[in-house]
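Residue numbers (my numbering), protein chains in the order written: chain Z, 1 to 504; chain G, 1001 to 1504.
A virtual CB, placed ideally from N, CA and C, is assigned to each residue, including glycine.
None of these values were measured; they are calculated from a predicted model.
This report concerns only the one structure given below.
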């Protein structure tokens, strides 16, 4: 643990150090805030709760706009949620979700690759305050971030006022980051000169306008850990099918032992896949992904299995955080933390032939996927980078259990005739994997034949007869306007009855 | 009109000249063909009908795979359709459509930007025969294309056997094209060094392996013209709203008189918009688009209004073809014809801040769009490049009339509670325009508020009350499984009755 004086090398900014309770005064009614933080990593863990406490004490209403990289921890977002009028481009807060559904908070769910540029261009208006967690303030006032990048650089460039939260309990992340701002008019766009996962083309720090810094506050709160459950047998089975699919592609497309760079979603199945890949014949893996997570730490110790990684955040469990502390120097040499416009860039995902993997909420038999909404109307988290990766990937796959048990006792199928919100279309998904098997969508093949394959290869055997019936009906039936249906009471009523009767 | 000897400068290949009826013998049962052609431009107009005639004479079944850039003219595709087992990545043939719906032909609808790379990588297997229309064969055997590029270069690189159809009636397009193959493993990807619409980075010809050329045939059939209807008052009104929206963006985003490069879909509304832009205060326009079409020819004569254009095809009406003949040299200097992996590239569309405009079949009140299917199950054409441009654009807009009169007498709303096939999601559309007005989707704003705006700004006044009712219901209702509905007989039944009762 360092002192504030160790970490703030710029006297002009050290003079602006103040208690966080004073610093929150710089947020005025109606302000737009851009903050650091991505999937719980590197968020301003002292400033936001202190701001919430002050607003609560003042009895203020919901008039702030909060823009972040991606999700924050509930400890940070929940207290502030009642004071937010607008939130974007991603959240996974129970408190915000409730207010969004009550229509008290506006929420926009935006491709993460595009958000930073939209912000810089001015599509969301101006930025009043940037609040950014940093490892270190350098002698000239430039700052070194902590465990994520997200939109911190854009926030600092665009804000009228800057608050720097120096985390003295976090390790000094100097050397992890590679910072570049997206080109926006009147500048012309340029080719991003990155041609491999580990390439660095920017600076390890962010230059700032010192005169805009209104406060420096100290934090000693470490990143809140990400939780993982024990990997289930079903998840392990999904992971085995993913690796079998990749092994088949390797054979047919001639990769040899070197697999193209991998993107991996966040969550249990993703971690199971990473574990299975560790035990596969693939060597010298590269991860080009959004979040560097637990399963990848294991690769850090094995140069035969692993070459390098790129992400915009390091989000770890308590155990993972211990591994990182132990392997901090190795990780610094092998992992680049990029701004999210680059970690998720269409240009780079295409160029690097990234293989994208994600877990959807549900998919349909034609290959469309829902990643954001329950029952069509209730947003769960948001799209995040799933669209960035699935659309632009060399190969894109969705992995999901074929059924999911709900709290109300029903067991629902994740393979449906129709998803209730479409985030990814049939044109973007090249493979669907469940614990039952996988279905590829890389041949010249009509939708009904793809549907047959998805039903027979991926759906749970219990739901297959119902899905087969739907497909038969869909092919020959009159258009939906007529209301004619072969299912007594409609497909969804029969499906719902089947969900209730699922054995076990 | 030139002679074949004028256009074939390579003696080795001139010796392979033969009647087209002989050349078609090189297509064997089960072959995969990659052909030139994009939106009727530059297709092999003699070879394909001659091949169809031979297959018909032999009584052959449907066993060929036909892969093209985009759509072919019906004169070329219809005779061959009965002999096709697989078709991709786009078609707009009535004959093929019928066979696809009868499940006699498999059709895959693929993002045009991704098709060439998928083909090169081998996702669709090998290529047996490439049939490419050319302007000229150079002394070393390299070829100069005609009015489109599409996937001709990839077809020539990948095919076992090559047939060159030399069009001696078409002008010599030498100097129009800028050819580069997409990098595919084992080569590493590289940044495409294009930073403005008119940049050229490749060769004006395609090098080929002469030993793979099995036949050279002559054609004197000019490109079949594209038809346009007279612009209607409703189309002109849509175009005025598009320009009003762009003028507002110019004000708010500080463009000055120079608008970012424009992409324009194919069709009547697109042409009306181009016409309206000609009369707008915008100067020195640049088009970064898929198809160079009629409306753009007018710009060719006016250096104050126009700077340069990039596309993968020149598709014109009979009148447009005459204009092109007259302005051939000016057009060559101001228009680059690119392979479709570059004309539609995510990397370039992002970098150049392209403004994308497209006409959908229908959109929903949340901002999702259907560009491909009628009634959910019947494919019209395909996605083409609409997803490439809408997803990656700086600003993306959909323009459509608010209602459409069907042949059966009903008038349907193009603004619906739910589209029956999703090709573009709410995350990709930044503005919807009808003759009623426009609704922007670039604020931090929840879906229901966006829906209110789309209904009030874009829907036809006749359908607004029904859509308002739907939105009210959707917000407060139980999930769809329960079947509970405030609409007697369901929303779609009430909507259908309204379509029948539309006045006038």
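Against chain G, the CB of residue 347 of chain Z has a partner CB under 8 Å away; the residue lies at that interface. Chain Z has a Cβ within less than 8 Å of the Cβ of residue 1108 of chain G. Beta-bridge annotation (DSSP): residue 1411 of chain G is paired with G:1405. In the structure shown, residue 1433 of chain G falls within a strand segment according to DSSP collapsed to helix, strand and coil. Taking C-beta atoms as the reference points, residue 433 of chain Z and residue 398 of chain Z count as a pair closer than 8 Å. Nearest neighbour of residue 1198 of chain G by Cα position, chosen from G:1308, G:1419, G:1239 and G:1132, turns out to be G:1308. The region 1022 to 1030 of chain G and the region 1270 to 1285 of chain G do not touch, with fewer than 3 CB-CB distances between them shorter than 8 Å. Within the DSSP secondary-structure output, residue 1176 of chain G pairs in no beta bridge.
Judged by their CB atoms, residue 1038 of chain G and residue 1069 of chain G are nearer to each other than the 8 Å cut-off.
Residue state for residue 1322 of chain G is assigned as helix, using DSSP reduced to three classes. Contact note: residue 1189 of chain G reaches chain Z through 195, 350, 351, 352 and 353, using a C-beta cutoff of 8 Å and chain order. With a contact defined as Cβ atoms closer than 8 Å, residue 154 of chain Z and residue 181 of chain Z qualify at about 7 Å.
Fully contained in the region 1015 to 1059 of chain G are the following beta strand (DSSP E) runs of length 3 or more, in chain order: 1032 to 1035.
Under the DSSP assignment, residue 457 of chain Z falls outside any beta strand (DSSP E), being part of the alpha helix (DSSP H) whose first and last residues are 447 to 458.
Within the same chain, 327, 330 and 331 come within 6 Å of residue 300 of chain Z by CB-CB distance, once the 5 residues on both sides are set aside. A direct Cα-to-Cα measurement between residue 1005 of chain G and residue 1139 of chain G gives close to 12 Å.
Between the region 1362 to 1374 of chain G and the region 366 to 378 of chain Z there are fewer than three inter-stretch CB-CB distances shorter than 8 Å, so the stretches are not counted as touching.
The Cβ atoms of residue 474 of chain Z and residue 413 of chain Z lie no closer than 8 Å to each other.
Boundaries of the beta strand (DSSP E) around residue 308 of chain Z: 306 to 311.
The region 423 to 431 of chain Z makes contact with the region 1413 to 1432 of chain G, as at least three CB pairs between them are under 8 Å.
Excluding the 5 residues flanking it on each side, residue 1410 of chain G has same chain C-beta neighbours closer than 8 Å at 1496, 1499, 1500 and 1502, in chain order. For residue 1419 of chain G, the closest alpha carbon among the candidates G:1392, G:1361 and G:1491 is that of G:1361. Looking at Z:7, Z:166, Z:269 and Z:104, the one whose alpha-carbon comes closest to that of residue 400 of chain Z is Z:269. For the region 86 to 99 of chain Z, the beta-carbon criterion of a distance under 9 Å to any beta-carbon of chain G is satisfied by 86, 87, 88 and 89.
Proximity of chain Z to residue 1103 of chain G at the Cβ level (cut-off 9 Å) is accounted for by 446, 448, 449 and 475, in chain order. For residue 166 of chain Z, the enclosing beta strand (DSSP E) begins and ends at 159 to 167.
For residue 136 of chain Z, the enclosing beta strand (DSSP E) covers residues 127 to 137. Linking residue 306 of chain Z to residue 286 of chain Z through their CA atoms gives a straight-line distance of about 6 Å. In this model, residue 173 of chain Z and residue 288 of chain Z are separated by some 20 Å (Cα to Cα).
If you look at residue 1386 of chain G, you'll find it isn't in any beta strand (DSSP E); it sits in the alpha helix (DSSP H) that goes 1386 to 1392.
Within chain G, no residue has its CB atom less than 8 Å from the CB of residue 338 of chain Z, the nearest being about 16 Å off. C-alpha of residue 448 of chain Z to C-alpha of residue 471 of chain Z: approximately 8 Å in a straight line.
By the C-beta criterion, the region 1007 to 1019 of chain G is judged not to be in contact with the region 1099 to 1119 of chain G, since fewer than 3 inter-stretch pairs fall below 8 Å. Contacts with chain G at 8 Å (Cβ-Cβ) do not include residue 359 of chain Z. For residue 1006 of chain G, the enclosing alpha helix (DSSP H) begins and ends at 1004 to 1007. Not a single CB atom of chain Z sits nearer than 8 Å to the CB of residue 1457 of chain G.
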